[in-house]
Structure formats: C-alpha cells, structure tokens
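> To start, I am sharing the structure in question, which I have written as structure tokens.
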Amino acid sequence: MSPAIVVTTLSTSPIAPLALLLAESEAAGLRLVRRLVDEWAGGVTRFDQPGEALFVARLAERVVGVCGLSVDPYGAAPGTGRVRHLYVLRAHRRLGVGRRLMLEVIASARDSFDVLRLRTTNPVAAALYVQLGFRQRDDVADCTHVLELR
9 MSPAIVVTTL STSPIAPLAL LLAESEAAGL RLVRRLVDEW AGGVTRFDQP GEALFVARLA
69 ERVVGVCGLS VDPYGAAPGT GRVRHLYVLR AHRRLGVGRR LMLEVIASAR DSFDVLRLRT
129 TNPVAAALYV QLGFRQRDDV ADCTHVLELR
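This is how it looks when you write it as structure tokens:
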C-alpha cells in the first residue's frame with residue numbers, strides 16, 4: 009500500500025521544509041519556490057492575512073509539494089484570492105499531489121474569497137486548473153485562469 013498524501017498548513021518559516029523543492033526547482037531553472045522563500049524571509053508574503061495559508065503536501069513525512077493562497081496582490085477587486093507557487097517534486101508528479109494541494113486551496117478559499125485567480129505558463133498545470141473548474145482568461149492582466157467561488 010502506498011503512503012497517503014497528507015496536506016497541512018505551514019505557519020512557520022518554509023525555508024527548511026522546502027529545501028528539497030527549492031533545490032530541484034532552481035536546478036530546473038524555475039524561480040517560483042525561490043520567490044516564495046525570499047518573499048517569506050523579507051516579510052512580503054507570509055500567508056498570514058485573513059484567508060491566506062501556505063499548504064504543503066507530505067508523503068511518508070517528506071514534503072513533496074507546496075502551494076500558497078493569498079489575497080491577490082495585483083490590484084484585483086476585494087474578495088479576490090490568488091493561487092501562489094504550486095510546485096511538486098518531479099518524482100511525485102502525476103500521483104495526485106498537485107490536485108490534492110489545489111483542492112485544499114480551493115476549499116480554504118471558499119471561506120474568505122469570491123474569486124480565485126492565478127497565472128501559469130505551464131500547459132500541464134493549466135490543464136489541471138481547467139479540470140478543477142478554472143476558466144482560462146486572456147483578457148485579465150496578471151492572470152491566466154479564474155475560478156468563481158460564489
């Protein structure tokens with residue numbers, strides 16, 4: 009029997025728990041986990057405002073994925089949340105980790121936000137977001153996908 013994916017929130021510094029994700033993402037030329045860690049360290053985004061949370065996915069106690077939920081920082085209307093920094097370790101992709109993280113983000117967002125927005129250039133991630141009910145948008149600045157929650 010394979011271990012279950014467990015999704016929890018982080019309320020302390022993500023630097024140590026995300027070390028492996030940071031190293032792998034940077035080796036792949038991606039900056040999203042670095043940006044998450046740097047913004048946390050600099051106090052820019054700590055996922056500590058009402059409705060915000062930083063989720064991690066664990067398999068057998070090992071952090072294998074991360075995704076944040078924040079107030080949308082790009083001047084969106086009040087009640088707009090933002091999906092931030094979804095990343096899953098390469099060896100754990102296609103196992104439902106990203107989907108589980110996103111389901112937790114969406115469930116949490118329903119309590120505080122009317123709309124969720126995100127931006128991605130990754131076609132695999134874009135397909136996941138559409139499967140989860142997001143609509144692709146070409147007409148919204150700083151955003152590629154929107155999910156109406158209410």
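Using my numbering, read the sequence shown as starting at 9 and increasing by one per residue. Just so it is clear, CB atoms sit at the ideal spot from N, CA and C, and this is done for glycine as well. Remember, it's a predicted structure, so these values are computed and weren't measured experimentally.
So, helix, strand or coil for S120, using DSSP?
Residue 120 sits at position 112 when you count from the first residue of the sequence shown. DSSP places S120 in coil when its eight states are reduced to three.
> Is H93 near L40, with beta carbons less than 8 angstroms apart?
Translated into the one-based positions of the sequence shown, residue 93 becomes position 85. Translated into the one-based positions of the sequence shown, residue 40 becomes position 32. Cβ distance < 8 angstroms, so H93 and L40 count as in contact.
> Pull up the distance between the alpha-carbon of L155 and that of V91, whole angstroms please.
Locating residue 155 in the sequence shown gives position 147, counting from the first residue. Locating residue 91 in the sequence shown gives position 83, counting from the first residue. Each residue's Cα considered, the two are about 10 angstroms apart.
> If A65 and L109 are in contact, beta carbons under 8 angstroms, what's the gap, nearest whole angstrom?
Here the question's residue 65 lines up with position 57 in the sequence shown. Here the question's residue 109 lines up with position 101 in the sequence shown. That pair is a contact at about 5 angstroms.
> Could you tell me which residues DSSP pairs with R70 in its beta bridges?
For this step, residue 70 is matched to residue 62 along the sequence shown. Bridge partners of R70: L67.
> On the DSSP bridge list, what partners appear for R92?
The residue given as residue 92 occupies position 84 in the sequence shown. Paired residues: G76.
> T128: which of R98, F55, P58, V138 sits nearest, CA to CA?
Position 120 of the sequence shown, counted from the start, is the residue given in the question as residue 128. Taking only the C-alpha atoms, the option nearest T128 is V138.
> Write down the C-beta distance between P161 and W48 rounded to the nearest angstrom, noting that I regard them as a contact closer than 8 angstroms.
Nothing in the structure corresponds to residue 161, since the chain is present only between 9 and 158.
> Taking the beta strand (DSSP E) that L155 belongs to, which residues open and close that run?
Locating residue 155 in the sequence shown gives position 147, where the first residue counts as 1. Residues 153-156.
> If you follow the alpha helix (DSSP H) that V52 is in, where does it begin and where does it stop?
For the purposes of this step, residue 52 is identified with residue 44 of the sequence shown, where counting begins at 1. No alpha helix (DSSP H) contains V52, which DSSP labels as neither H nor E.
> Anyone know if the C-beta pair for Y82 and D147 falls short of 8 angstroms?
For the purposes of this step, residue 82 is taken as the residue at position 74 of the sequence shown. For the purposes of this step, residue 147 is taken as the residue at position 139 of the sequence shown. For Y82 and D147, no; Cβs fall outside 8 angstroms.
> Residues in its own chain within less than 7 angstroms of T17 by CB, not counting five upstream and five downstream?
As a position in the sequence shown, residue 17 is number 9, starting the count at 1. Here the set comprises A61, L62, F63.
> What residue range does the beta strand (DSSP E) around C97 cover?
Walking along the sequence shown from the start, residue 97 turns up at place 89. In the sequence under discussion, the amino acid at residue 97 is Leu, which differs from the Cys named in the question. It is not in any beta strand (DSSP E) - L97 carries neither H nor E in the DSSP assignment.
> Counting only C-beta atoms, is L62 closer than 8 angstroms to chain C at any point?
As a matter of chain content, chain C is missing from the structure shown, which is built from one protein chain.
> Check this for me: beta carbons of A135 and T152, under 8 angstroms apart or not?
The residue you call residue 135 lines up with position 127 of the sequence shown. The residue you call residue 152 lines up with position 144 of the sequence shown. No, Cβ-Cβ distance for A135 and T152 is not below 8 angstroms.
> Rounding to the nearest angstrom, what Cα-Cα distance links L67 and P11 in this structure?
Here residue 67 corresponds to residue number 59 of the sequence shown, with the count starting at 1. Here residue 11 corresponds to residue number 3 of the sequence shown, with the count starting at 1. So the alpha carbons of these two residues sit roughly 6 angstroms apart.
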